[in-house]
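The letter at position 164 of the sequence shown is residue 164 when you use full-length UniProt numbering, and the numbering goes up by one with no holes.
One structure below.
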Amino acid sequence: MSTMISRLDITQIFCDVDDFCNQWENLWQQVPQLPSTTGERRSTSRMHLSEVMTIVIAFHGSGYKTFKEFYTMHVLTSWREAFPNLVSYTRFVELMPWCLMLLCCFLHTRTGEITGISFIDSTPINVCHNCRAHSHKVFKGLVKWGKNSVGWHNGSKLHLIINDCGELLAFSLTPANVDDRKPVPDMTKDLIGKLFGDRGYISQKLFEELYERGLQLVTKSKKKMKNRLLKLIDKILLRKRAVIESVNDHLKNICQIEHSRHRSPFNFLVNLMAGLTAYTYLPKKPSIDVYPKDLPALPPAIF
Numbered sequence: 001m002s003t004m005i006s007r008l009d010i011t012q013i014f015c016d017v018d019d020f021c022n023q024w025e026n027l028w029q030q031v032p033q034l035p036s037t038t039g040e041r042r043s044t045s046r047m048h049l050s051e052v053m054t055i056v057i058a059f060h061g062s063g064y065k066t067f068k069e070f071y072t073m074h075v076l077t078s079w080r081e082a083f084p085n086l087v088s089y090t091r092f093v094e095l096m097p098w099c100l101m102l103l104c105c106f107l108h109t110r111t112g113e114i115t116g117i118s119f120i121d122s123t124p125i126n127v128c129h130n131c132r133a134h135s136h137k138v139f140k141g142l143v144k145w146g147k148n149s150v151g152w153h154n155g156s157k158l159h160l161i162i163n164d165c166g167e168l169l170a171f172s173l174t175p176a177n178v179d180d181r182k183p184v185p186d187m188t189k190d191l192i193g194k195l196f197g198d199r200g201y202i203s204q205k206l207f208e209e210l211y212e213r214g215l216q217l218v219t220k221s222k223k224k225m226k227n228r229l230l231k232l233i234d235k236i237l238l239r240k241r242a243v244i245e246s247v248n249d250h251l252k253n254i255c256q257i258e259h260s261r262h263r264s265p266f267n268f269l270v271n272l273m274a275g276l277t278a279y280t281y282l283p284k285k286p287s288i289d290v291y292p293k294d295l296p297a298l299p300p301a302i303f
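Next comes the structure, spelled out in C-alpha cells:
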C-alpha cells in the first residue's frame, strides 16, 4: 500500500465539488428536457459525478506519475470506505468524460480575486514526443505545430492570467500555432488595472483596445524600439513577471497537466481541467511582494 501524502485537502475538495454538483442538479431539473423515445432505458452509474470529479482532481496532488497507478494502488485499496461505490479502473476511465462540463464550470468558480495587478503568459502543452508526431492520430486535426524560444512542439498552447498572489484569473486553450495576442481580448473582459506580459504581447492595437476598457498592458521593449518612460513600480513589477513562469512550472511538475499518454481528446481536457482545479487548492502558490519594505520611503511621484 502506498504511503505517499497528498498535497491537497481531499475532504475540502469533495465538500466543494459535491455542493456544486447538487446545485447544478437542482437547476438542471428545472430546465425542460427533450422527451425520451419510447422504450429508451435511462440508466446512471453507481458512482456520482462529484465522486468522479474528486478522484480526478485528487490525482493531480497525489504525486503519482500515472492515473492508473494512482487509482489501482491508492484509490481502490485505501479509499473504499470514503467511496463505497468504486468501479473498476476501465469503467472509471469511461466515466471521466462525463464530468468534463461540470469540471469546467467548477473551475470558473475557483478563480482568484482581481487585485489590479495581473500577469499573462502562455506555455506549450505537448500531446506526444516530436518524433512520434506524424504517426500520432489521437489528436489528428485538433493540434498544430508551434515554436517558442525552446524549439518546435506539437500540441496545444495554454494561456494563463494570474494575479500577484498566484491565483488563476483566466485561461484559454488554443492550438500551438495561435499567436499569443489573439485570445487576450476575450480573456481580459473582466480585468482592470495593469497587465504585465513579455515581448510576445507587444501590439499597439491590442494596447489601445485594452486601455479603452481600463486595462493597461505593460511589456518590455524590443531592442529596435524607441525607449519609453515607465513608472518605477511598473519596472519593478515587470521584473517580477517570472512569477507566472513559476505557476507554469507548478502546473506541469506538481499538478501534471501535461503528459503524452492520452488516448482520448476528452480525457485530455479532463486531465487539464482537473490539474488547473488542483492548483487552486494548493496551500502555497507562487506570489510576489508587491510593496517591499523600502518602497514607502521613496517619493510618491515616481510611482
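Just so it is clear, CB atoms sit at the ideal spot from N, CA and C, and this is done for glycine as well.
Nothing here was measured: the structure is a model prediction, and the numbers come from that model.
Environment of residue i [buried if 16+ CB atoms lie within 10 Å]
i, result
"Leu169", "buried"
"Gln256", "buried"
"Tyr211", "exposed"
"Asp121", "buried"
"His153", "buried"
"residue 318", "With the chain represented from 1 up to 303, any question about residue 318 goes unanswered, as that position is not in the structure."
"Pro283", "exposed"
Residue i, enclosing alpha helix (DSSP H) - first and last residue
i, result
"Gln23", "10-30"
"Gly61", "No alpha helix (DSSP H) contains Gly61, which DSSP labels as neither H nor E."
"Ile233", "232-239"
"Asp289", "Unbroken run through Asp289: none, as it is neither H nor E."
"Pro283", "Unbroken run through Pro283: none, as it is neither H nor E."
"Gln204", "204-211"
Pairwise C-alpha distance: residue j and residue i
i, j, result
"Leu102", "Gln12", "17 Å"
"His48", "His74", "19 Å"
"Val17", "Trp79", "17 Å"
"Glu94", "Ile57", "16 Å"
"Lys157", "Thr174", "5 Å"
"Ser172", "Arg213", "20 Å"
"Met1", "Thr77", "Residue placement at Met1 cannot be trusted, given a pLDDT of 35 that sits under 50; what the coordinates show is reported in the next sentence. Those two C-alpha atoms are separated by around 7 Å."
"Phe92", "Val52", "8 Å"
"Gly112", "Ser264", "30 Å"
"Asp180", "Thr123", "10 Å"
"Leu262", "Leu230", "This sequence places His at residue 262; Leu is not what is there. Rounded to the nearest angstrom, the two C-alpha atoms are 45 Å apart."
"Ser221", "Gln204", "12 Å"
"Ile117", "Ser246", "17 Å"
"Glu81", "Cys131", "44 Å"
"Tyr281", "Leu191", "22 Å"
"Ala278", "Thr54", "10 Å"
"Lys65", "Ile236", "37 Å"
"Leu251", "His134", "27 Å"
"His60", "Phe268", "13 Å"
"Val138", "Asn126", "13 Å"
N-terminal and C-terminal residue of the beta strand (DSSP E) that residue i is part of
i, result
"Ala176", "Where Ala176 is concerned, there is no enclosing beta strand (DSSP E), given that its DSSP letter is neither H nor E."
"Phe196", "193-197"
"Val270", "It is not in any beta strand (DSSP E) - Val270 instead sits in the alpha helix (DSSP H) that spans 265-280."
"Lys147", "144-147"
"Gln216", "215-219"
"Lys157", "152-163"
Residues of its chain near residue i, where Cβ-Cβ distance is below 6 Å and the 5 sequence neighbours each way are ignored
i, result
"Phe106", "Phe20"
"Ile202", "Thr219"
"Cys128", "His136, Ser260"
"Gly200", "Asp180"
"Lys240", "Ile288"
"Phe83", "Glu51"
Close beta carbons around residue i, own chain, < 8 Å, minus the five adjacent residues each side
i, result
"Ser287", "Asp164, Cys165, Gly166, Val243"
"Val87", "Ser45, Arg46, Met47, Leu95"
Same chain only: Cβ atoms within 7 Å of residue i, ignoring 5 sequence neighbours per side
i, result
"Glu209", "Pro185"
"Trp145", "Trp152, Asn154, Ala176, Asn177"
Query raised in the report: Which full runs of the alpha helix (DSSP H) of 4+ residues lie inside the segment 63-144, going along the chain?
Result: Counting whole runs of 4 or more residues, the segment 63-144 contains the alpha helix (DSSP H) stretches 67-70, 89-95, 100-108.
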